[in-house]
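Chemist:
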């Protein structure tokens, strides 16, 4: 009897899910993991997370929470203790005056950004997004039904973003400007003056600003600055932060937003229908991070400066590679345009793919960030690992 073969189930997915693409960074992580499972040694310049361990006092707080059976639901937007810790830390570091009701804790900074964009952006709204941009911004806006208006920046000018550049793109449909300083992927840092000018322009034109400040404590260009300190414009902005990069807590998944109470209430309403509260145990750890000693944060920042200088020097020593000096975060964004057209490589995605499969170095291609001639290199690793990866990159590129 001939076996009956069932046809694949035809599934009609929603239009909103078809508008978005998988995260480019997560795709690289998945492909690198596949190679490792085959026994291949991969140098990972793709992962966007600190190589440091979470500080011990933060881990101790989580353990204490478990032992105290602090494992029940909490308020959707986080405990009062955590929200107070968030606003106190921001006030101490940046001079802001947010209140508890102006804060919400979410399951990572990405979750806070997702909630804020879903609350602010409606179908047909325009969102001004400087290039290069973090991979998820564009797709989160698309999921909300918005349209991204891309602001091209000049690599030779350090990818600078100014109010004058943004104003040229403003239309009656402009609803939101997204800022990210220090930048993922370029490491560019906007000056306090440029940030203030953009926020002022937005307020004058009735436009919202979301400031992604997940790397605000990894600034190598000067004093840390948050737009949340600009009190007179606070009613038109959402500040998003994260414990992931600041305290080496990427897998813990705890982020937050500071915004007008009405926006926070709307974000809580959305969050109540998705994740509900962040994990209760992790909230206790976050309180310890925010209220505890901050020397660990500065210690990591100082080491990142050394790693940045090392990787940029190494990249610049490879013939054909150009690399601006990043002023923050923990990424270099080398220009590899000179290699396009060689060895069958047409795009940065081709180059990054071949570098991973043949050279066994994981990087993220620039297309995911809106540029065509770059790859992102994370230097959040040891000097020894940087040297191993740089040598492999040199060998691969020189053979093209």
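Numbering (this note's numbering), first residue to last: 2 to 401. Think of the CB as a built atom: it goes at the ideal place given N, C-alpha and C, for glycine as much as any other residue.
(1) Buried or exposed: which applies to residue 279, given that a residue is buried once 16 or more other Cβ atoms fall within 10 Å of its Cβ?
(2) Since I believe residue 31 is in contact with residue 47 (beta carbons under 8 Å), could you give me their beta-carbon distance rounded to a whole number of angstroms?
(3) Would you kindly work out how many angstroms separate the C-alpha atoms of residue 253 and residue 148, rounded to a whole number?
(4) CB-CB under 6 Å to residue 261, same chain, minus the five flanking residues each way: which ones, in chain order?
(5) Please determine, among 362, 400, 129 and 381, the residue with the shortest C-alpha to C-alpha distance to residue 390.
(6) Do you know how far the Cα of residue 106 is from the Cα of residue 84?
(7) By the DSSP assignment, the alpha helix (DSSP H) with residue 165 in it spans what residues?
(8) So the alpha helix (DSSP H) residue 390 belongs to, where does it begin and stop?
(9) Which runs of the alpha helix (DSSP H) at least 4 residues long sit entirely within the region 187 to 252? Give them in chain order.
(10) Taking residue 87 as part of the alpha helix (DSSP H), name the residues at either end of that continuous run.
(11) Which runs of the alpha helix (DSSP H) spanning at least 4 residues fall entirely within the region 280 to 304, listed in chain order?
(12) If you follow the alpha helix (DSSP H) that residue 65 is in, where does it begin and where does it stop?
(13) If you follow the alpha helix (DSSP H) that residue 369 is in, where does it begin and where does it stop?
(14) Is the Cβ-Cβ distance between residue 134 and residue 181 less than 8 Å?
(15) Nearest-angstrom Cα distance between residue 366 and residue 348?
(16) When you compare only the Cα positions, how much space is there between residue 189 and residue 22?
(17) Entirely within the region 313 to 338 and at least 4 residues each: give me those alpha helix (DSSP H) ranges in chain order.
(18) Less than 8 Å between C-beta atoms, sequence neighbours within five positions excluded: which residues of the same chain meet that for residue 248?
(19) Please check the pair residue 268 and residue 117, which I expect to be a contact at CB under 8 Å, by giving their CB distance rounded to whole angstroms.
(20) What do you get for residue 183, buried or exposed, if any count of 16 or more other CB atoms within 10 angstroms of its CB means buried?
(21) Would you list the one or two residues that DSSP bridges to residue 99?
(22) In whole angstroms, what separates the C-alpha of residue 419 from that of residue 400?
(23) Using the beta-carbon count (16 or more within 10 Å), is residue 1 buried or exposed?
(24) The alpha helix (DSSP H) with residue 110 in it runs from where to where?
(25) Excluding the 5 residues preceding and the 5 following residue 215 in the sequence, name in chain order all residues of the same chain whose CB lies nearer than 6 Å to its CB.
(26) Can you tell me whether residue 158 is buried or exposed, with buried defined as 16 or more other CB within 10 angstroms of its CB?
(27) Which class does residue 35 belong to by DSSP, given the choice of helix, strand or coil?
Modeler: With the given structure in hand:
(1) buried
(2) At roughly 10 Å, the Cβ-Cβ gap does not stay under 8 Å, so residue 47 and residue 31 are not in contact.
(3) 32 Å
(4) 236
(5) 362
(6) 7 Å
(7) 164 to 168
(8) 384 to 399
(9) 193 to 206 and 244 to 247
(10) 81 to 95
(11) 281 to 292
(12) 57 to 68
(13) It is not in any alpha helix (DSSP H) - residue 369 carries neither H nor E in the DSSP assignment.
(14) yes
(15) 9 Å
(16) 25 Å
(17) none
(18) 55, 56, 59, 290, 297 and 298
(19) 6 Å
(20) buried
(21) For residue 99, which the question treats as bridged, DSSP gives no partner whatsoever.
(22) Since the first residue of the chain shown is 2 and the last is 401, residue 419 is not available in this structure.
(23) As shown, the chain starts at 2 and ends at 401. That puts residue 1 outside it, with no answer to give.
(24) 110 to 121
(25) 110, 243 and 246
(26) exposed
(27) helix
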